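Residue numbers (our numbering): 7 to 338.
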């Protein structure tokens, strides 16, 4: 195991240097321990079977500050998918006890700003913080085609669109507009989904899934807490980046910042037929469902149990799934 620290006596003073050493010697155990510190690094991780563990998630911080509206050397705009602080472009990666942040700031002035670009299968994030404003966490793959020319410029623009399984447990994910977005099959367990206040009538959208057509699972939030600094009724749970978006909430706590209608169609009438937006047994001031749109679903115990069965089979690589501990989804 390599140790990274800003203090003398460690193997490396940067995470990038530790990754380079592992790339140079495939025989070494792919394990990195990062001591507390602020690491101003832009990481592109293409090593599979890798584990990176921080000393503590509040004080082991990987930070960057690129925004989509900043200029590239040729004078063009950087665009969303070249703003990441950390890119994961490999499989079977585990990150724990880390903060990954993009400090570019408000999307109205900085543009979209990705903290973590995760295009990975069998990915595990445990006890991490992902901090940003607009587009904090991108769960690849990209949609098959872009809506605007040049919209997908970045490291995976021409890569095959492979839907990976991504597991987030005990994480804090923070932002405002579409701050969890993409096409992955992603499970969020016991996470805090925290919305920032933009001072507007609509303060944001927690999710913007782009689940590909025909996928059995998109985003599943299980026992998560949707919190916010925003005034009551100003944040949507989600809107569809693409019309087959899937986002399911089971046993979640929804704060008062969630709007009574809950979900937005992004002015895509076709999404009414194809999206799957569903809730089951959620609680809190934002969980009142009387004004939810007719094209969303309020599940019963049978639907929820069926979904969790699929989740358990799909995420069999992940240890200690909470949804294996409690299958008591009786009608309450």
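We treat Cβ as the ideally placed atom computed from N, Cα and C, and that holds for glycine. Being a predicted model, the structure only gives us computed values, none of them experimental.
Distance from the Cα of residue 308 is smallest, within the candidate group 293, 286, 318, 321, for 286.
Here residue 21 is buried: its Cβ has 16 or more other Cβ atoms, across all protein chains shown, within 10 Å. The stretch 137-194 is shown to contain whole beta strand (DSSP E) runs of 3 or more residues at 143-145, 171-175, 178-181, 183-188, in chain order.
Residue 155 is classed as exposed because its beta carbon has fewer than 16 other beta carbons within 10 Å across all chains shown.
Cβ-Cβ separation between residue 91 and residue 105: approximately 10 Å, too far for a contact (criterion under 8 Å). Minimum Cα-Cα distance from residue 249 among the listed residues 270, 216, 316 corresponds to 216.
Residues 59, 132, 133 of the same chain have their beta carbon placed closer than 6 Å to that of residue 102, with the five preceding and five following residues left out of the count. Counting only the Cα atoms, residue 121 lies some 16 Å from residue 147. Residue environment: residue 80 is assigned as exposed (fewer than 16 neighbouring CB atoms within 10 Å of its CB, all protein chains considered).
Closest in alpha carbon position to residue 269, among 210, 315, 224, is 210. Judged by DSSP in its simplified three-state form, residue 316 adopts helix.
Just so you know, the alpha carbons of residue 232 and residue 243 end up roughly 9 Å apart. When rounded, the separation of the alpha-carbon atoms in residue 219 and residue 161 is 23 Å.
Residue pairing by DSSP puts residue 252 in a beta bridge opposite 282. In this structure, residue 322 lies away from residue 263, with their beta-carbon atoms at least 8 Å apart. Per DSSP, residue 29 is one residue of the alpha helix (DSSP H) stretching across 21-30. Taking 3 residues as the shortest admissible run, the stretch 44-123 contains the following complete beta strand (DSSP E) segments, listed from N- to C-terminal end: 49-51, 56-60, 66-70, 92-94, 99-102, 105-108.
The beta carbons of residue 199 and residue 240 sit no closer together than 8 Å. Annotation: the continuous beta strand (DSSP E) that includes residue 199 extends over 198-201. Annotated three-state conformation of residue 268 is coil, per DSSP.
Residue 214 counts as buried, since at least 16 other C-beta atoms from the protein chains shown sit within 10 angstroms of its C-beta.
Close CB contacts of residue 62 within its chain, under the 8 Å cut and outside five residues either way in sequence, are with 42, 103 (chain order). About 6 Å separates the beta carbons of residue 226 and residue 317, which is inside the 8 Å limit, making them a contact pair. Shown here for residue 271: same chain residues with a beta carbon closer than 6 Å to its own, the five before and five after excluded, namely 277 in chain order. DSSP links residue 210 through a beta bridge to 241. Secondary structure note for residue 37: its beta strand (DSSP E) is the uninterrupted segment 37-40. Counting only the Cα atoms, residue 44 lies some 25 Å from residue 75. Per DSSP, reduced to three states, the secondary structure at residue 234 is strand. Taking 8 Å as the cut-off, the Cβ atoms of residue 128 and residue 171 count as close. Residue pairing from DSSP places residue 215 in a beta bridge opposite 188.
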